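Numbering follows full-length UniProt numbering, in which position 155 of the sequence shown is assigned residue number 155; successive positions increment by one, without gaps.
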Amino acid sequence: MPSIAAPDGPARDVLSAAEIDRALTRIAHEIIERNRGADGLLLLGIPTRGVALAARLAAKIRNVEPAAPDDLVGRLDITMYRDDLHTGPVRAVGDTQVPVAGIDGRTIVLVDDVLFSGRTVRAALDAIKDLGRPQAVQLAALVDRGHRRLPIRPDFVGKNLPTSLSERVKVNIAEIDGKDSVTISHPAPAMGGRS
């Protein structure tokens, strides 16, 4: 019989909509500075929320660098590259959208909402390998909550959020969830159990 996850306890706000916007503005400027402009960049959002975050970062980059490439943003579906396909529910395969010219020679910035164990990023790197040979791959995460199980470190971070393994981090994005926020919660204690 599959285990049922305990419901979350009360959530505590970690980032407001304004703080998320400021973090994305800072990340966009850091990406431009590190790469000496936007020429050759490709922001690939990892579904689901990474796609919306990549689009926002692209808009902020274009505000600073109007000559940024038209094909600055795309999406990278990693479903078939995950190492946990056999352990969870069936997942629908999404679509990957990259420039018609491909990714060869481009500097790719992977964009995700939360960096945790590193397994999602490992899957993304495997997916990129099958698409071509970029010049470099960088990683941007809105939240880095630690607990890495693979040797992966983000290049750009909105907020480092030390957490315990029992805590849950939830990123809400207006395009998907109707609001922007980052919250952290603990699983609710089991009823009738010992404390």
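Note that the Cβ used here is the ideal one computed from N, Cα and C, for glycine as well. It should be emphasised that the depicted structure is a prediction, and the values quoted were computed from it without experimental measurement.
Report the CB separation of residue i from residue j in whole angstroms; it is logged as a contact under 8 Å.
i, j, result
"leucine 53", "isoleucine 152", "Contact doesn't hold; Cβ gap of about 18 Å is too wide."
"aspartate 180", "isoleucine 20", "5 Å"
"serine 185", "alanine 11", "4 Å"
"arginine 122", "leucine 139", "11 Å between Cβ atoms; not a contact."
Take the Cβ of residue i as the centre, count every other Cβ of all protein chains shown within 10 Å, and call the residue buried at 16 or more, exposed below.
i, result
"valine 100", "exposed"
"glycine 9", "exposed"
"proline 134", "buried"
"aspartate 112", "buried"
"alanine 92", "exposed"
With a threshold of 7 Å on Cβ separation, who are the neighbours of residue i within its own chain once the five nearest residues in sequence on each side are excluded?
i, result
"residue 223", "Limits of the chain in this structure are 1 at one end and 195 at the other, which puts residue 223 out of reach."
"alanine 124", "Ile46, Leu76, Ile78 and Leu110"
"lysine 60", "Leu24, Thr25 and Ala28"
"glutamate 30", "Phe156"
"methionine 80", "Val93"
"glutamine 97", "Gly74 and Arg75"
What is the rounded straight-line gap between the Cα of residue i and the Cα of residue j?
i, j, result
"arginine 168", "arginine 106", "35 Å"
"proline 69", "glycine 132", "19 Å"
"serine 16", "isoleucine 103", "34 Å"
"aspartate 95", "aspartate 126", "16 Å"
"proline 187", "valine 14", "17 Å"
"asparagine 63", "alanine 18", "18 Å"
"proline 2", "aspartate 177", "Residue placement at proline 2 is poorly supported in this model, since its pLDDT is 45, which falls under 50; the coordinates still yield a value, given next. Taking the straight line joining both Cα atoms gives about 28 Å."
"isoleucine 32", "lysine 159", "19 Å"
"leucine 115", "glycine 50", "11 Å"
"glycine 37", "aspartate 71", "15 Å"
"asparagine 35", "leucine 41", "8 Å"
"arginine 82", "isoleucine 128", "13 Å"
"valine 182", "glutamate 65", "28 Å"
Between residue i and the rest of its own chain, which residues show a CB-CB distance below 6 Å, the 5 nearest in sequence each way excluded?
i, result
"valine 157", "Ala141 and Asp144"
"valine 137", "Ile108"
"glutamate 175", "Ala52"
"valine 73", "Leu43, Ala54, Ala55 and Ala58"
Near residue i, what residues of its chain come up, given a Cβ to Cβ distance below 8 Å and the 5 sequence neighbours on each side ignored?
i, result
"proline 162", "Arg145 and Gly146"
Examine chain D for any beta-carbon lying closer than 8 Å to the beta-carbon of residue i, and answer yes or no.
i, result
"glycine 132", "Judged by its chain identifiers, the structure shown contains no chain D, having just a single protein chain."
Practice prompt. Identify every run of the alpha helix (DSSP H) within the segment 141 to 187, keeping only runs that are complete inside it and at least 4 residues long; order them along the chain.
Written response: 174 to 177
Worksheet item: If you scan the segment 33 to 67 from start to end, which runs of the beta strand (DSSP E) of 3 or more residues do you find wholly inside it?
Response: 41 to 45
Worksheet entry | Every unbroken alpha helix (DSSP H) inside the segment 91 to 149 [4 residues or more] | 119 to 131
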